[in-house]
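Respectively, the protein sequence lines represent chains A and B. For what it's worth, this note's numbering labels the leading residue of the first sequence as 12, then goes sequentially. For what it's worth, this note's numbering labels the leading residue of the second sequence as 0, then goes sequentially. Heads up, the beta-carbon is just placed ideally off N, CA and C, and yes, glycines get one too. Here the structure comes first, spelled out in structure tokens, and everything after it is commentary.
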Amino acid sequence: TQLLEQSPQFLSIQEGENLTVYCNSSSVFSSLQWYRQEPGEGPVLLVTVVTGGEVKKLKRLTFQFGDARKDSSLHITAAQPGDTGLYLCAGGASRGNTGKLIFGQGTTLQVKP
Amino acid sequence: DTGVSQDPRHKITKRGQNVTFRCDPISEHNRLYWYRQTLGQGPEFLTYFQNEAQLEKSRLLSDRFSAERPKGSFSTLEIQRTEQGDSAMYLCASSLRTGVQETQYFGPGTRLLVL
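Below you can see the structure in the form of structure tokens.
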């Protein structure tokens, strides 16, 4: 069974601080997605990484896929209150035709003004 | 709006009642997924369809749960004899699988509360 462990589960920081969220597994994934979810809404895709060692940037957000495709990180620079939300990593199965995603338990981020 | 839509957004029911949720995927997406999310957790896969064929079901999907996608477009998820443990957010996602990679787009979810 493929599992994803996210850390930390909760993070409360001041506006302007930097933070990193980690997503780890003992399994290899074909791809890794990061989503952001607002209360009462569905997850919204931020980025997909597919190549080991890949780094993608989205404004103040930097995403990295581990060389072995077993882990990923999300780094936010100069966090803003608008970044508040639930951040989810999700892995795509490495074998077979299934597209189902395996999600981590999420990181709840609160950015205080 | 051409995104994934779900109906209803909220459902309150009494234990033992049946409920049905609907998902309308993005037009021309050939895959449709159902996930369940409880408070403080990430979504868990339930089942998925490619066109009208149900290709995989999770062990989480007990006999009380049934899903259909009769014409390869919208899908329904029915829960019979609801239990309090069924209370959760039920999320639908759709994707267009054309090669190895695909991107899933999620709907807003249906929040179910079983009293």
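Contact check between the segment 99-108 of chain B and the segment 34-52 of chain A: three or more CB pairs, one atom from each, fall below 8 Å, which counts as touching.
Near chain A, meaning a CB-to-CB distance below 9 Å, the residues of the segment 87-105 of chain B are Met88, Leu90, Cys91, Ala92, Ser94, Arg96, Val99, Gln100, Glu101, Thr102, Gln103, Tyr104, Phe105. Residue nearest to Gln100/B within the set Arg30/B, Arg21/B, Ile25/B, Ser4/B is Arg30/B (criterion: CA-CA distance).
Under the three-state reduction of DSSP, Gln83/B is assigned to helix. Taking a C-beta cut-off of 7 Å against chain B, the contacting residues of the segment 98-121 of chain A are Leu99, Thr109, Gly110, Lys111, Leu112, Phe114, Gly115, Gln116, Gly117, listed in chain order. Assignment of Gly96/A by DSSP, reduced to helix, strand and coil, places it in the strand class. Between the segment 78-87 of chain B and the segment 48-58 of chain B, the count of C-beta pairs closer than 8 Å stays below three; the two stretches do not touch.
No Cβ-Cβ contact shorter than 8 Å links Gln17/A with Ser38/A.
Taking 8 Å as the cut-off, the beta carbon of Phe114/A is found closer than this to the beta carbon of Ala101/A. Nearest neighbour of Asp94/A by Cα position, chosen from Gln75/A, Pro124/A, Tyr33/A, turns out to be Pro124/A. In the DSSP assignment, Thr31/A falls within the beta strand (DSSP E) that extends over 30-35.
In the DSSP assignment, Glu43/B falls within the unbroken beta strand (DSSP E) covering 43-49.
By the C-beta density criterion, Gln25/A is exposed, having fewer than 16 other C-beta atoms within 10 angstroms.
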